[in-house]
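All remarks here apply to the structure that follows.
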Amino acid sequence: MVDTQENFAAVLYAANDLRVEKRPMSPCLGETDVLLGMRSVGICGSDIKYWAYGKCGRFVLNEPMVIGHEASGQVIAIGAKVKHLKIGDRVAVEPGIPCRQCRLCKQGRYNLCAHVQFCATPPVHGNLCTYYVHPADFCFRLPDNVTDEEGALMEPLAVAVYSCERGSVTSGSRLLICGAGPIGLLTMMTARAMGAVEFTITDIDDHRLEIAKKYGATHTINVTGCSSDDIAKRVVETLNGEKPDISMECSGSDLSLVACIHATSTGGTIVLVGRGSLDVSLPLVEVAAKELNINGIFRYANAYPKALAMLTSGSIDVKSLVTHRFTLQETEEAFKTAASRDSKAIKVIISCHEEKE
Ligand code: 572
Ligand code: ZN
Numbered sequence: 005m006v007d008t009q010e011n012f013a014a015v016l017y018a019a020n021d022l023r024v025e026k027r028p029m030s031p032c033l034g035e036t037d038v039l040l041g042m043r044s045v046g047i048c049g050s051d052i053k054y055w056a057y058g059k060c061g062r063f064v065l066n067e068p069m070v071i072g073h074e075a076s077g078q079v080i081a082i083g084a085k086v087k088h089l090k091i092g093d094r095v096a097v098e099p100g101i102p103c104r105q106c107r108l109c110k111q112g113r114y115n116l117c118a119h120v121q122f123c124a125t126p127p128v129h130g131n132l133c134t135y136y137v138h139p140a141d142f143c144f145r146l147p148d149n150v151t152d153e154e155g156a157l158m159e160p161l162a163v164a165v166y167s168c169e170r171g172s173v174t175s176g177s178r179l180l181i182c183g184a185g186p187i188g189l190l191t192m193m194t195a196r197a198m199g200a201v202e203f204t205i206t207d208i209d210d211h212r213l214e215i216a217k218k219y220g221a222t223h224t225i226n227v228t229g230c231s232s233d234d235i236a237k238r239v240v241e242t243l244n245g246e247k248p249d250i251s252m253e254c255s256g257s258d259l260s261l262v263a264c265i266h267a268t269s270t271g272g273t274i275v276l277v278g279r280g281s282l283d284v285s286l287p288l289v290e291v292a293a294k295e296l297n298i299n300g301i302f303r304y305a306n307a308y309p310k311a312l313a314m315l316t317s318g319s320i321d322v323k324s325l326v327t328h329r330f331t332l333q334e335t336e337e338a339f340k341t342a343a344s345r346d347s348k349a350i351k352v353i354i355s356c357h358e359e360k361e
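Just remember that my numbering sits 4 ahead of the position in the sequence shown, which is counted from 1.
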């Protein structure tokens, strides 16, 4: 075994009980695995939900779990059969490991595999720790011009790339994006890199809308207190009476989803990126009459190589989304910052290998 330091991990025991503690390293490095010294790990909305409520969607935290799934690391040791990576390589970690055997895996839709093991989705541990073992084929080597933080941001960028594919974004597309959080902003930036030209973005937070403008939003709408009809009307006004071809629902608001149905042009597409209520009433007659496509997404598949190509070529700049940085020992403060509206945080990143200067 390699000469490594002690392993520390950010372990979530229950809602509001997050501890950074010494933990034994994973004892086994399989022949197709790599051992990583973790570098940067971003905090995602789902991490915050597990921390605040002990659950996210249908997944409940029943036993202590290492948190974190937006990660980059450096290869410290490699399994005997690993060919495409070498010690010292920096990599982005794709956090969902599918079974590779089932029908959906073989169709390439491995994100839908019923047996997928996703970092920091109970009971699977995440990678906000010092050392972590991962299958090498779900690690993507970062070239020198892509930083550790960008490597971590490839995870939400993969969501954005996949969302744009599911929405059939193309040159000249006009988009409505509901929600100016990290996913909404990354989706807009990705769509822009793919040739989309108009972006009306909504949120209830003026600060986020200002940031959206900096990233190329052509129109912003603060939808605080608006009905879905109001939102749709205001969206159409921004496009001089035209309707967007594609609506990306990234806010998780049921009201916004109904607004997407009203606002999207006939024959257009709505992508469900955010998660609203389990049971929501929708104007489906309008969906049928306008032949709208409503496409769900569940995480992403085959998106990491595309996300990496966009970063390597410089077609997208995600670095400036990082508003706050913490060390592993400061994880709790990092979560408080990410969860607080007052902090004006967009992306909070934890460095697993550095101490504060
Ligand atoms: O980065 C991937 C990701 N996916 C999220 C949320 C946050 N980050 N999804 C929304 C929640 N679902 S889930 O099935 N779940 C909690 C596992 O409700 C997964 C996809
Ligand atoms: Zn996530």
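Just so you know, even glycine gets a beta-carbon here, dropped at the ideal spot from N, CA and C.
Counted within 10 angstroms of its Cβ, other Cβ atoms place residue i as buried (16 or more) or exposed
| i | result |
| --- | --- |
| Leu22 | buried |
| Arg62 | exposed |
| Lys351 | buried |
| Met5 | Note that Met5 scores 47 on pLDDT, short of 50, meaning its location in the model is unreliable and no value can be drawn from it. |
| Ile91 | exposed |
| Thr174 | exposed |
| Leu276 | buried |
| His211 | exposed |
| Thr335 | buried |
| Pro102 | buried |
| Tyr166 | buried |
| Asp283 | exposed |
| Thr270 | exposed |
| Val364 | Residue 364 cannot be examined here, being either before or after the span of the chain that is shown, 5 to 361. |
| Val201 | exposed |
Nearest neighbour of residue i, chosen from the options [CA to CA]
| i | options | result |
| --- | --- | --- |
| Arg303 | Gly130, Ala164, Thr268 | Ala164 |
| Tyr308 | Gly278, Tyr114, Pro31 | Tyr114 |
| Ile298 | Glu241, Thr273, Gly278, Ala343 | Thr273 |
| Glu169 | Ala18, Ala311, Thr151 | Ala311 |
| Asn20 | His119, Glu35, Lys53, Lys26 | Lys53 |
| Lys294 | Asp233, Ser177, Ala267 | Ala267 |
| Gln333 | Met314, Ala96, Lys360 | Lys360 |
Residue i: CB within 7 Å of a non-hydrogen atom of the ligand 572
| i | result |
| --- | --- |
| Gly450 | The structure shown does not extend to residue 450, since the chain spans only 5 to 361, so no value can be given for it. |
| Cys106 | no |
| Phe302 | yes |
| Thr327 | no |
| Thr125 | yes |
| Arg279 | yes |
| Val163 | yes |
Anticipated Cβ contact below 8 Å, residue i with residue j, distance rounded
| i | j | result |
| --- | --- | --- |
| Ser257 | Gly280 | 6 Å |
| Ala14 | Val70 | 7 Å |
Any non-hydrogen atom of the ligand ZN closer than 7 Å to residue i Cβ
| i | result |
| --- | --- |
| His73 | yes |
| Glu159 | yes |
| Ser44 | no |
| Ser50 | yes |
Residues that DSSP places opposite residue i in a beta bridge
| i | result |
| --- | --- |
| Asn226 | Asp207 |
| Gly300 | Leu276 |
| Ser251 | Leu180, Ile274 |
| Lys218 | Bridge partners of Lys218: none, in fact. |
| Thr122 | For the sequence presented, residue 122 should be read as Phe rather than Thr. For Phe122, which the question treats as bridged, DSSP gives the partners Gly100. |
| Glu25 | Ala13 |
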